Amino acid sequence: MSKSEIRRLDREIRKTAAKLEAVRKGEWWPLNGSERRAMARAIAGGSYQVVRGRNPGRAEQQMETTGSAAEMRLTAELTALNGEKLRILTEAARAKAAKKASGWW
Numbered sequence: 018m019s020k021s022e023i024r025r026l027d028r029e030i031r032k033t034a035a036k037l038e039a040v041r042k043g044e045w046w047p048l049n050g051s052e053r054r055a056m057a058r059a060i061a062g063g064s065y066q067v068v069r070g071r072n073p074g075r076a077e078q079q080m081e082t083t084g085s086a087a088e089m090r091l092t093a094e095l096t097a098l099n100g101e102k103l104r105i106l107t108e109a110a111r112a113k114a115a116k117k118a119s120g121w122w
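The structure is reproduced here in structure tokens:
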């Protein structure tokens, strides 16, 4: 396994970690299209409820649910990337050990 693969995975891990941190802060840029649409719908619905003098509780709950789903998605992505990096490193170590054991140093 090449070092460029590991560097690529490290870069993706850093990007995903930054996205996860942004979602935790309430930023929208890391959200995918469906998550953005759900947030926009919740804001529109909540605004309508406020204008009508009603409680926007359901809209707030929808926004929290959407943010939580995005956080779970990014956490799963981060876990998968870390697992892939570990697999590549383990494979490289095995290959190196096998090469050393066979006498081809």
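Numbering (the working numbering), first residue to last: 18 to 122. From the three backbone atoms N, C-alpha and C, an ideal C-beta is built for every residue, glycine too. Keep in mind that this is a model prediction, so the values were computed, not measured.
> Can you tell me whether Met-89 is buried or exposed, with buried defined as 16 or more other CB within 10 angstroms of its CB?
Replying inline: exposed
>> According to DSSP, simplified to helix, strand and coil, what is Asn-49?
In response: coil
>> Tell me which residue opens and which closes the alpha helix (DSSP H) that Asn-72 is part of.
In response: No alpha helix (DSSP H) holds Asn-72; DSSP gives it neither H nor E.
>> Which residue marks the beginning of the alpha helix (DSSP H) containing Glu-38, and which one marks its end?
In response: 20-42
>> Could you tell me the alpha carbon to alpha carbon distance between Gln-79 and Ala-55, rounded to whole angstroms?
In response: 8 Å
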